[in-house]
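Colleague:
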Amino acid sequence: MIKNNKGFTLLEIIITLAVSVIVITMIGSFLITNIKHYNRIDDSTEIMDQAQFISGFLDIELSQSAGIKKIISKDGISILDSNSGSYIKEIELYTWDESQLINPSFQIKNGKDIFYKSHSELGTFIEDFYVSPLPANTSFKDCSGIEYEIYFKKNNSSYVIEKSINFRNKY
11 MIKNNKGFTL LEIIITLAVS VIVITMIGSF LITNIKHYNR IDDSTEIMDQ
61 AQFISGFLDI ELSQSAGIKK IISKDGISIL DSNSGSYIKE IELYTWDESQ
111 LINPSFQIKN GKDIFYKSHS ELGTFIEDFY VSPLPANTSF KDCSGIEYEI
161 YFKKNNSSYV IEKSINFRNK Y
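Residues in the sequence shown are numbered from 11 upward in steps of one, following our numbering.
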């Protein structure tokens with residue numbers, strides 16, 4: 011007569027382990043793929059959100075501006091008298107507000123953060139900021155508007171926003 015053991019045999023344990031490893035590998039690869047995809051979409055959404063906010067803020071300030079007071083290229087050189095486009099790190103505007111001339115400025119610090127009036131951070135992840143005067147072949151000092159492109163990048167996601175803005179209060 012054979013005695014009935016109620017335990018597992020070594021073969022049953024090995025088969026159970028093999029099946030468990032296969033199931034965990036399938037679930038793990040699925041989760042890792044989804045996490046990477048989520049992070050990529052999150053990065054893309056974040057830079058698009060910042061691009062929209064920064065662009066909206068710039069559009070309001072530029073359209074209400076009376077002109078450009080100071081514009082500094084990425085190399086630290088004033089390009090106010092230049093008539094060609096350039097990558098910039100700072101732009102200061104003339105704006106009329108309640109009969110007083112105020113000068114809002116936008117600066118890119120640390121190569122990626124944009125600030126308004128040097129203390130209010132508008133956003134991050136800026137790779138480049140390109141501006142050119144409107145109409146073409148006029149200097150920034152005499153232009154009636156500007157065309158700008160802002161390049162955003164976070165990890166492997168990038169986004170470009172392009173706009174043309176005319177100064178409403180050009181004197």
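Every residue gets a Cβ at the ideal spot worked out from N, C-alpha and C, and that includes glycine.
Output needed for Cys153: all residues of its chain with C-beta closer than 6 angstroms, excluding positions within five of it in sequence on either side, in chain order.
Modeller: So the list reads Pro143, Leu144, once near-sequence residues are dropped.
Colleague: Suppose only complete runs of 3+ residues qualify. What are the beta strand (DSSP E) ranges in the region 54-98, listed by chain order?
Modeller: 75-83
Colleague: Just to confirm, is the Cβ distance from Ser167 to Tyr161 under 9 angstroms?
Modeller: Taking the C-beta atoms as reference points, Tyr161 is found no nearer than 9 angstroms to Ser167.
Colleague: Please report how far the alpha carbon of Glu137 lies from the alpha carbon of Ile78, in whole angstroms.
Modeller: 22 angstroms
Colleague: Measuring alpha carbon to alpha carbon, tell me which residue in Glu159, Leu21, Ser75 is nearest Pro114.
Modeller: Among Glu159, Leu21, Ser75, the Cα nearest to that of Pro114 is on Ser75.
Colleague: Closest to Lys163 by CA distance: which of Ile156, Val29, Ile171 is it?
Modeller: Answer by Cα proximity: Ile171.
Colleague: CA-CA distance, Leu103 and Tyr97?
Modeller: About 17 angstroms.
Colleague: Would the beta-carbon of Ile175 fall within 9 angstroms of that of Glu159?
Modeller: no
Colleague: In angstroms with no decimal places, state the Cα-to-Cα distance between Ile45 and Thr26.
Modeller: 28 angstroms
Colleague: Nearest to Tyr140 by alpha carbon, out of Met36, Phe40, Gln62, Lys84?
Modeller: Lys84
Colleague: Quick one: using the 10 Å Cβ neighbour count with 16 as the cut-off for buried, is Glu100 buried or exposed?
Modeller: That one is buried.
Colleague: Taking all protein chains shown into account, do 16 or more other C-beta atoms lie within 10 angstroms of the C-beta of Phe177, making it buried, or fewer, making it exposed?
Modeller: buried
Colleague: Using the C-alpha atoms, what's the distance from Val29 back to Thr55?
Modeller: 39 angstroms
Colleague: By a C-beta neighbour count over all protein chains shown, 10 Å radius and 16 as the cutoff for buried, is Phe63 buried or exposed?
Modeller: Exposed, by the Cβ-count rule.
Colleague: Could you have a look at Lys46 and say whether DSSP puts it in helix, strand or coil?
Modeller: Helix at Lys46.
Colleague: Give me, in chain order, the residues of the same chain whose beta-carbon lies closer than 8 angstroms to that of Asp91; leave out the 5 immediate sequence neighbours on both sides.
Modeller: Ser149, Phe150, Lys151
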